[in-house]
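Numbering (the numbering used here), first residue to last: 47 to 160. Glycine included, each C-beta is placed from N, C-alpha and C at the ideal position. None of these values were measured; they are calculated from a predicted model. First comes the structure, then the notes that go with it.
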């Protein structure tokens, strides 16, 4: 049952065009992030989505754990890559850890505000 909820409420709302948008090298970082987070917040951060996410986090963490894997595989590497391109840094830069922290902070802030 939990897997079905995850498939419908979480994976069912994930838009592959977000990945395409974040990979688009013709757009500036600010434009990418603005477009992405406006659509992401409107699509994902609904009362139903947040309620299930928080409840699962307080009980068994199954859904939050699976969703974090999705973010780490499909979202954060793209934002990291776009940030490095914007800052003209190599992808294996020493600043990766700091940039990753900033990405987590940005995403967490959007979730909190949403």
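CB residue i to CB residue j, shorter than 8 Å?
i, j, result
"residue 55", "residue 96", "no"
"residue 126", "residue 145", "yes"
"residue 120", "residue 65", "yes"
"residue 102", "residue 110", "yes"
How far does the alpha helix (DSSP H) with residue i in it extend, from its first residue to its last?
i, result
"residue 80", "75-90"
"residue 67", "62-69"
"residue 107", "Neither: residue 107 is in no alpha helix (DSSP H) and is coded neither H nor E."
"residue 145", "142-159"
"residue 126", "122-133"
Does the beta-carbon of residue i have 16 or more other beta-carbons within 10 angstroms, so that it is buried, or is it exposed?
i, result
"residue 124", "buried"
"residue 118", "exposed"
"residue 62", "exposed"
"residue 129", "buried"
"residue 113", "buried"
Please report the Cβ distance between residue i and residue j, rounded to the nearest whole angstrom; I am assuming they are in contact, meaning their Cβ atoms lie under 8 Å.
i, j, result
"residue 75", "residue 134", "About 11 Å separates the two Cβ atoms, so there is no contact after all."
"residue 156", "residue 83", "5 Å"
"residue 81", "residue 67", "6 Å"
From this set, the options, which residue's C-alpha is nearest residue i's C-alpha?
i, options, result
"residue 86", "110, 103, 60", "60"
"residue 90", "137, 79, 58, 71", "58"
"residue 49", "138, 66, 79, 108", "108"
"residue 153", "100, 122, 142, 104", "122"
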